[in-house]
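Heads up, the sequence shown is in the working numbering, so the first residue is 17 and it goes up one at a time. Data first, discussion second: the structure below is written as structure tokens.
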Amino acid sequence: MKMKAAAKSHNQFRGLKTEEVQRQTSMAIQNMTIEELYSEVLYEVIHTVGCMAEAEEHDVLFHYLQKAFRLDPEKHEQLLQQAKGKEPPNILLNVQIVEAKELRPKDANGLSDP
């Protein structure tokens, strides 16, 4: 039970509780048009984080999305170009040290000088 409670307290995104993030996401999606949603999905495929996909893999995903959203090729190409024209995301990584044991104090340069 302690583990579950500890995991729950860390289940936040930038200070927001999971439920609040889900509520805000749900509201944003409900207010989107199909084209806006499609454009956002294309943007996410183009700027996938943590995966180096080949152009062929992107093409397969784009074709699948086009079929799933039932968009004609002209509209797909227009929205794809818009998604490609958007500024790439600024990716930041926040790391929080929960616990560390038996570490010697060191600077970024590897020395432990004062």
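Ideal Cβ positions, reconstructed from N, Cα and C, are used throughout, including at glycine.
Classify residue i as buried or exposed, calling it buried when 16 or more other Cβ atoms lie within 10 Å of its own Cβ.
i      : result
Gln82  : buried
Tyr54  : buried
Leu127 : exposed
Ala124 : exposed
Ala116 : exposed
Taking just the CA atoms, how far does residue j sit from residue i?
i      : j     : result
Leu95  : Gln38 : 26 Å
Ala69  : Ala84 : 21 Å
Pro121 : Lys33 : 34 Å
Glu56  : Ala44 : 12 Å
Within its chain, find whatever has a CB closer than 8 Å to the CB of residue i; leave out the 5 residues flanking it on each side and keep chain order.
i     : result
Val65 : Pro105, Ile107
For residue i, which residues in the same chain have their Cβ closer than 6 Å to its Cβ, ignoring the five residues on either side in sequence?
i      : result
His92  : Gln82
Val111 : none
Once you ignore the five residues that flank residue i on each side, which residues in its own chain have a CB closer than 7 Å to its CB?
i     : result
Glu36 : none
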